[in-house]
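Under the working numbering, read the sequence shown as residues 745 to 1026, first letter to last. Don't be surprised by glycine CBs; every beta carbon is placed ideally from N, CA and C. Here's the structure, in structure tokens; my notes come after.
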Amino acid sequence: MHLNIGEIKNNNQLYLPVPGKIIDIIELTATENLYQIRLADGRPLNHLPGQFIGLSIFGKGEAPISISSSPTRGPEFEIIVRKMGSLTSELHLKRPGDIIGIRGPFGNGFDIDKLKGSKMLLIAGGLGIAPLRSLINFIIDNKKDYGHLTILYGNRTPADIILKDEISRWKMDDITLKITVDSCNNDIWNGNIGLITDLIPELYIDQNNTYTIIVGPPVMYKSVIVELDKKNLPHSKIFLSLERYMKCGVGKCGHCMIENLYCCTDGPVFCYDNIKNILEAL
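Structure below.
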């Protein structure tokens, strides 16, 4: 879905925040919470997997936040937020029933139609599992339309792994799931220890019928693509969600420009084939 500027002009929600009520809060780790939100008028957000919102708190400002729930699961939507600045710290003080501001949804998400009928390899680093969760649950809810799903998920330590209970349920949905951590000191951990790139060589990837989607800290992208190149995976079948400071969300302010592209409207999901020669992209 590419954002149409003509549609923007007729949709004030993309310019002005509307009230959103926090319905539930789930503590995932010491620094990450999951928030379930309902728009005040009760209508669904009408987002696609991979899109984001502008979340605002009066007196603290606004920040772009990935949507982490599937649009197939009710009028409420969910976000996963790490406490790391003044706005997110303020959000972590909120309680169910509190009101926040919502703009959006924004951006070019995952092409759920293009992915139909194909196998998928999803590679998530750290909080990158949050936007991928939207796609994963969408695929689970439309399983007959998609091929086998393989998920690689890497974190710094076992304590940083989020969505532990949900991940266990994913395994029961015939999903191949491999998790690794960079290091393990005092945590009880029986899984793999090493970088996420260590999980790729052992995979069998059907080059002609597999799409790969990578979401995580930008530092991991180049090394992951190096390993995928060893598998001769076509660059036209590799997609990445890029991080930039997406302030306005509608391609007006220029904060998120990558040469001639706007991360907020042309992305955040990009085909690697289209950006691999843009120096500022990775």
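Beta carbon of residue i, beta carbon of residue j: below 8 Å?
i: Thr-954; j: Gly-851; result: no
i: Gly-764; j: Leu-783; result: yes
i: Ile-937; j: Ser-927; result: yes
i: Arg-988; j: Cys-1015; result: no
i: Val-825; j: Leu-837; result: no
i: Gly-848; j: Leu-758; result: yes
i: Asp-1017; j: His-979; result: yes
i: Ile-841; j: Ile-911; result: Residue identity check: residue 841 is Gly in the sequence provided, not Ile. No; because the gap between Cβ atoms is not below 8 Å, this pair is not in contact.
i: Ile-906; j: Ile-873; result: yes
i: Leu-772; j: Phe-821; result: no
i: Leu-760; j: Ile-801; result: no
Compute the minimum distance between the beta carbon of residue i and the heavy atoms of the ligand NAP, and state whether it is under 7 Å.
i: Thr-773; result: Of ligands this structure carries none, so the ligand NAP is not represented either.
On the CB-based measure, 16 or more other CB atoms within 10 Å of its CB, does residue i come out buried or exposed?
i: His-999; result: exposed
i: Lys-966; result: exposed
i: Thr-816; result: exposed
i: Val-963; result: exposed
i: Gln-795; result: buried
i: Tyr-779; result: buried
i: Met-864; result: buried
i: Val-968; result: buried
i: Leu-868; result: The sequence shown places Ala at residue 868, not Leu. Ala-868 is buried by the Cβ-count criterion.
i: Asn-886; result: exposed
i: Arg-787; result: exposed
i: Gly-1011; result: buried
i: Arg-877; result: buried
i: Val-1013; result: buried
i: Lys-753; result: Here the model assigns Lys-753 a pLDDT of 38, short of 50, so the residue's position is not dependable, and the following value carries that caveat. Classification of Lys-753: exposed, given that the 10 Å Cβ count is below 16.
i: Ser-814; result: buried
i: Lys-888; result: exposed
i: Ile-1019; result: buried
Quick check: what's the CA-CA separation for residue i versus residue j?
i: Thr-919; j: Gly-798; result: Checking the displayed sequence, the identity of residue 919 turns out to be Ile instead of Thr. Their Cα atoms are separated by approximately 32 Å.
i: Gly-698; j: Lys-922; result: The structure shown does not extend to residue 698, since the chain is modelled only from 745 through 1026, so no value can be given for it.
i: Pro-945; j: Leu-984; result: 20 Å
i: Glu-1024; j: Met-990; result: 15 Å
i: Ile-1022; j: Lys-996; result: 21 Å
i: Pro-902; j: Lys-860; result: 33 Å
i: Ile-823; j: Leu-947; result: 31 Å
i: Phe-1030; j: Pro-875; result: Any property of residue 1030 remains undetermined from this structure, which presents the chain solely from 745 to 1026.
i: Ile-843; j: Arg-900; result: 33 Å
i: Gly-805; j: Asn-934; result: 42 Å
i: Ile-770; j: Gly-993; result: 27 Å
i: Ile-982; j: Asp-909; result: 29 Å
i: Pro-961; j: Leu-866; result: 14 Å
i: Asn-1004; j: Asp-973; result: 26 Å
i: Ile-781; j: Leu-1026; result: 32 Å
i: Leu-977; j: Val-762; result: 43 Å
i: Leu-986; j: Ile-932; result: 33 Å
i: Ser-833; j: Leu-943; result: 34 Å
i: His-892; j: Glu-971; result: 21 Å
i: Met-1001; j: Asn-930; result: 42 Å
Going by C-alpha to C-alpha distance, which of the options sits closest to residue i?
i: Ile-1101; options: Leu-871, Trp-914, Thr-775; result: No information on residue 1101 is available, as it lies outside the stretch 745 to 1026 that the chain covers here.
i: Gly-870; options: Gly-993, Thr-924, Asp-973, Gly-1011; result: Thr-924
i: Thr-775; options: Pro-961, Gly-891, Gly-805, Gly-829; result: Gly-829
i: Asp-917; options: Met-1001, Tyr-890, Lys-981; result: Tyr-890
i: Ser-862; options: Asn-952, Gly-818, Arg-839, Asp-931; result: Asn-952
i: Asp-768; options: Arg-839, Leu-986, Val-970, Leu-1026; result: Arg-839
i: Asn-777; options: Asp-785, Val-762, Asp-904, His-892; result: Asp-904
i: Pro-819; options: Lys-827, Asp-785, Lys-975; result: Asp-785
Would residue i count as contacting chain C if we go by Cβ distances under 8 Å?
i: Ile-770; result: Although the question refers to chain C, the structure presented lacks it and comprises just one protein chain.
Query raised in the report: Counting Cβ pairs closer than 8 Å, one from the region 805-812 and one from the region 894-902, do we hit at least three?
Result: no
Query raised in the report: Are three or more beta carbon pairs between the region 853-863 and the region 946-964 nearer than 8 Å?
Result: yes
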